[in-house]
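Peer 1: Under the working numbering, the first residue of the sequence shown is numbered 41, with each subsequent residue one higher. Even glycine gets a Cβ: it sits at the ideal position worked out from N, Cα and C. Take this structure first; my questions come after.
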Amino acid sequence: MDNCKKKKKIRAKNLKKRYGISIEKYEQMLINQNYRCKICGSTDPGHKKKHFSVDHCHKTGKVRGLLCTSCNLALGYLKDDVILLKSCIDYFKDCHV
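Okay, here's the thing in C-alpha cells:
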C-alpha cells in the first residue's frame, strides 16, 4: 500500500471514530459546500492544513459542517454559546455605528 492510500485509510478511520462519518460523507459535505468553509466561504482550510475541520456539537456529537481553522477556533472559543455569540455581534454592531 502506498503512502497516500495509508494516509487516506488513517483519515477515514479517524473520521469514523471521532465524528461517526465516513470519508465518503466528508467528501460529499465538501462538494455540498463547494469546497468552502461553511461560515466564511474560504477555500483555504487554514494554518497549513490539508483538510477542513469537522465542526460538531460537543454536547450531542452531531456534525454541523466543515470549517476553516479560523472559524472552527472562533466557535471553540465561544464554547458553542449562542448568547455569547449574540453578545459579540451586538458588540461589533455598536462599534460600527
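#1: Considering leucine 124, what are the terminal residues of the alpha helix (DSSP H) in which it resides?
#2: Determine, using beta carbons only, whether aspartate 84 and cysteine 111 come nearer to each other than 9 Å.
#3: With the cut-off set at 9 Å, would you say cysteine 80 and phenylalanine 92 are in Cβ contact?
#4: Do you know whose CA, among His98, Met69, Lys46 and Tyr66, lies nearest glycine 116's CA?
#5: I need the DSSP call for arginine 76, collapsed to helix, strand or coil.
Peer 2: The answer reads as follows:
#1: Here the alpha helix (DSSP H) through leucine 124 covers 122–135.
#2: Inclusion of aspartate 84 and cysteine 111 in the CB contact set at 9 Å is not warranted, their separation being larger than that value.
#3: The answer is no: Cβ separation not under 9 Å.
#4: Per the C-alpha coordinates, the member of His98, Met69, Lys46 and Tyr66 positioned closest to glycine 116 is His98.
#5: Under the three-state reduction of DSSP, arginine 76 is assigned to coil, being neither helix nor strand.
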